[in-house]
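Novice: Residue numbers (full-length UniProt numbering), protein chains in the order written: chain X, 1 to 299; chain L, 1 to 299.
There are 2 protein chains.
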Amino acid sequence: MLYIVGLGLGDERDITIRGLEAVKSCKKVYIEAYTSLLSFGLSSDGLSRMEKLYGKTITIADREMVEEKADEILTEASKFDVAFLVVGDPFGATTHSDLVVRAKKLSVEVKVIHNASIMNAIGVCGLQLYRYGETVSIPFFTETWRPDSFYEKIQRNKELGLHTLCLLETWRPDSFYEKIQRNKELGLHTLCLLDIRVKEPSIESLCRGRKCFEPPRFMTINTAIEQLLEVEESLGVSAYGENSRCVGLARLGYEDQMIVAGSMKELLDVDFGAPLHCLVIVGNTHPVEEEMLEFYSIK
Amino acid sequence: MLYIVGLGLGDERDITIRGLEAVKSCKKVYIEAYTSLLSFGLSSDGLSRMEKLYGKTITIADREMVEEKADEILTEASKFDVAFLVVGDPFGATTHSDLVVRAKKLSVEVKVIHNASIMNAIGVCGLQLYRYGETVSIPFFTETWRPDSFYEKIQRNKELGLHTLCLLETWRPDSFYEKIQRNKELGLHTLCLLDIRVKEPSIESLCRGRKCFEPPRFMTINTAIEQLLEVEESLGVSAYGENSRCVGLARLGYEDQMIVAGSMKELLDVDFGAPLHCLVIVGNTHPVEEEMLEFYSIK
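Right under this line is the structure:
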């Protein structure tokens, strides 16, 4: 049996009793460390506190390991009980569908133990969950990479005096900018998940043919807003602007979580501290939502 | 201090360790019984199992009590620690923003302890959470009440040969039908939450001036699909139809949860058993999503 156990959002005490019982019953315990990172996963004594509470030795499974050794983990799970611990919910912001699909193909039984994830805990800011549109991810821009929607490509071609061949599809435009704009038109809130770069091979090392890793990077709310405003400035479609209302949330579910509501301009100057950060762009609001936002507003 | 503690989706063992510690430290413990109902809340020994595990006497707070006695609960919380237990996540499908707003106005400190809710656990069916559009609620139709969007009103007026005065607003149409249609156009999945009627005063009793309550009713997936198809037939805009792909989920997070993927027509004949039920109307899919749906498909 493979148990996929959600750990929730805070520390080792956010596991459920059902989850803890499952972990205690397992012969081998892995923790995924590649889609998200917990303070207790990162801090020096985090893993040992977890091992102490759960009464188990825990193997850290990074992205490479899960991709390369999934079959090994699943072979174990076909012989005895294995727990695979996941930050948040197993099917939260990043799904572990691939592992489940592989398990089912090998006829390994899977049991999922749910927990809180950013996708529901975001409700704490007072904006109702069913009034959110599609969620977007904001990636780090680099010197050589900028967002790349068809709109931006057409604009770039035009500026360069080039022709543009448009292939028509039934799928909709898919950049974060267009999703935010669409949500705005519908009066919906937008949850922006901010980039996390952990164990990324450095470009330099890829060129040299051996793997060295960049230090971990977490996008701050400030960087996200800077980038969002940069895109708005270059496109000028007014999906949002300096005065658009937002809520910035840092370390959601942790003891020291921080929630601040304000305009993009106002939030640019707020120090939200340690990761993880996320951002909500506010759509149309209900009076009760307004009252909640009021509590988190910059006075 | 007022602790608002999410209980998750299964039984009493789905509370988190953080949540359990909070409950144990409280002098008084309430459980809300009006937005959703747990099997363990409904079953005869459910509450006593919970009381035994948590080591506390638990007071059931129905809708009336929370609305009428909120100030009493908050006055207690200003003097000693009170826990308010909530099925799922405190800010899941139904938010408890109103209680939080009242608490903040009375300067009562509030601590939220998150857990899984339908809004993230729905990910278990394999459709990625960030590819969902707006969530909809499907209400029970009655003899005298049918869905009531502007579209339907215009159509009805037209059928009756009446003029229609249209007042223009910036807000978007708001019936579940239009939301499903909009999500479909965007290629997004739609989560349909199905009606729960608990402790509804009967119309008869309201007329007589004293409160008697209807027996609890939970909408099944079958009823939801029947109603959806009825609306589609009367509107004929082809937001969906008999052949639209759906996933039906019953008792999500429980030991005996049931997940079946198929067309609306196919799901009409499936017996999903005891409540709670919910339904997903599938949008455009990714290959990994397809593989997961395959496992849940009617063969």
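Even glycine gets a Cβ: it sits at the ideal position worked out from N, Cα and C.
Here the structure is a predicted model, which means the values were calculated and not measured.
Please list the terminal residues of the continuous alpha helix (DSSP H) segment that includes E21(X).
Specialist: Taken as a continuous stretch (DSSP letters only), the alpha helix (DSSP H) holding E21(X) covers I17 to S25.
Novice: Can you tell which of T164(X), F141(X) and C125(X) has its C-alpha closest to the C-alpha of L191(X)?
Specialist: C125(X)
Novice: Considering only residues of the same chain and omitting the five flanking positions on each side of E134(X), which have a CB-CB separation below 8 angstroms?
Specialist: K179, R182, N183 and T190
Novice: Can you give me the C-alpha to C-alpha distance between S297(X) and R217(X), rounded to a whole angstrom?
Specialist: 28 angstroms
Novice: Using 8 angstroms as the threshold, is the C-beta distance between L129(X) and N115(X) below it?
Specialist: A distance of 8 angstroms or more separates the beta carbons of L129(X) and N115(X).
Novice: According to the neighbour-count rule (16 or more other Cβ atoms, all chains shown, within 10 Å of its Cβ), is G283(X) buried or exposed?
Specialist: buried
Novice: Among G10(L), R13(L) and K79(L), which residue has its Cα nearest to the Cα of K28(L)?
Specialist: Nearest in C-alpha terms to K28(L), of all of G10(L), R13(L) and K79(L), is K79(L).
Novice: At which residue ranges does the segment 178 to 259 of chain X contain complete beta strand (DSSP E) runs of 3 or more residues, listed in the order of the chain?
Specialist: 190 to 194 and 245 to 250
Novice: Let me know if I60(L) comes out buried or exposed under the rule of 16 or more other beta-carbons within 10 Å of its beta-carbon.
Specialist: exposed
Novice: Looking at C-beta atoms only, is the number of pairs between the segment 10 to 18 of chain L and the segment 273 to 281 of chain X that lie closer than 8 angstroms three or more?
Specialist: no
Novice: Only counting the same chain, and skipping five residues up and downstream in sequence, which positions put a Cβ closer than 6 angstroms to that of K265(X)?
Specialist: E242
Novice: Please list the residues of the segment 52 to 64 of chain L that have a C-beta atom closer than 7 angstroms to any C-beta atom in chain X, keeping them in chain order.
Specialist: Listed in sequence order: no entries.
Novice: Among the residues of its own chain, which have a CB less than 7 angstroms from the CB of L186(X), if the five just before and after it don't count?
Specialist: Here the set comprises G133.
Novice: Are L9(L) and L252(L) touching if we call contact CB-CB under 8 angstroms?
Specialist: Taking 8 angstroms as the Cβ cut-off, L9(L) and L252(L) qualify as a contacting pair.
Novice: Taking Cβ-Cβ distances shorter than 7 angstroms, what residues in chain X pair up with I180(L)?
Specialist: In chain order: nothing, as chain X lies at least about 13 angstroms away.
Novice: Could you tell me the alpha carbon to alpha carbon distance between D62(X) and D71(X), rounded to whole angstroms?
Specialist: 15 angstroms
Novice: Can you list, in chain order, the stretches of the beta strand (DSSP E) that have 3 or more residues and sit fully within the segment 82 to 153 of chain X?
Specialist: Listed in chain order, the beta strand (DSSP E) elements of length 3 or more contained wholly in the segment 82 to 153 of chain X are 82 to 86, 110 to 113 and 136 to 138.
Novice: Check whether the Cβ atoms of A83(X) and V108(X) sit closer than 8 angstroms, and answer yes or no.
Specialist: Taking 8 angstroms as the Cβ cut-off, A83(X) and V108(X) do not qualify as a contacting pair.
Novice: With a threshold of 8 angstroms between beta-carbons, can H114(X) be considered close to chain L, or not?
Specialist: yes
Novice: Would you list the residues sitting across from E32(L) in a DSSP beta bridge?
Specialist: A61(L)
Novice: Does the ligand SAM have even one heavy atom less than 7 angstroms from the beta-carbon of D271(X)?
Specialist: For the ligand SAM, the structure offers nothing, since it holds no ligand at all.
Novice: Near Y30(X), which residues of its chain fall below 6 angstroms by C-beta distance, leaving aside the five closest residues on each side in sequence?
Specialist: T59, A61 and F84
Novice: In chain L, which residues lie with their C-beta within 8 angstroms of the C-beta of D98(X)?
Specialist: V288
Novice: On the criterion of 16 or more Cβ atoms from any shown chain inside 10 Å, does P275(L) qualify as buried, or is it exposed?
Specialist: It is buried - the Cβ of P275(L) has at least 16 other Cβ atoms within 10 Å.
Novice: Closest by CA to G88(L), which one among Q227(L), K158(L), I113(L) and T285(L)?
Specialist: Sorting Q227(L), K158(L), I113(L) and T285(L) by C-alpha distance to the C-alpha of G88(L) places I113(L) at the top.
Novice: Should Y177(X) and A224(X) be called a contact, given that it needs their Cβ atoms to be closer than 8 angstroms?
Specialist: The answer is no: Cβ separation not under 8 angstroms.
Novice: Can you say whether I73(X) is buried or exposed, counting buried as having 16 or more other CB atoms within 10 angstroms of its CB?
Specialist: buried
Novice: For the segment 13 to 33 of chain L, enumerate the residues whose C-beta is nearer than 9 angstroms to any C-beta of chain X, in chain order.
Specialist: Near chain X, meaning a CB-to-CB distance below 9 angstroms, the residues of the segment 13 to 33 of chain L are R13, D14, I15, T16, I17, R18, G19, L20 and E21.
Novice: For H277(L), which beta-bridge partners are listed by DSSP?
Specialist: A250(L)
Novice: Return helix, strand or coil for G161(L), following the three-state DSSP convention.
Specialist: coil
Novice: Pick out whichever of D45(X), M65(X), S97(X) and L127(X) has its Cα sitting closest to the Cα of R245(X).
Specialist: L127(X)
Novice: Quick check on DSSP: helix, strand or coil for G46(X)?
Specialist: helix
Novice: Any C-beta of chain X sitting closer than 8 angstroms to the C-beta of A121(L)?
Specialist: At least one chain X Cβ lies under 8 angstroms of A121(L).
Novice: Below 8 angstroms between beta carbons is the criterion; list the residues of the segment 219 to 230 of chain X that meet it against any residue of chain L, in chain order.
Specialist: Result list empty, no residue passes.
Novice: For D256(X) versus M219(X), is the C-beta distance shorter than 8 angstroms?
Specialist: no
Novice: Could you check whether E51(X) and V86(X) sit closer than 8 angstroms to each other, using their CB atoms as the reference points?
Specialist: no
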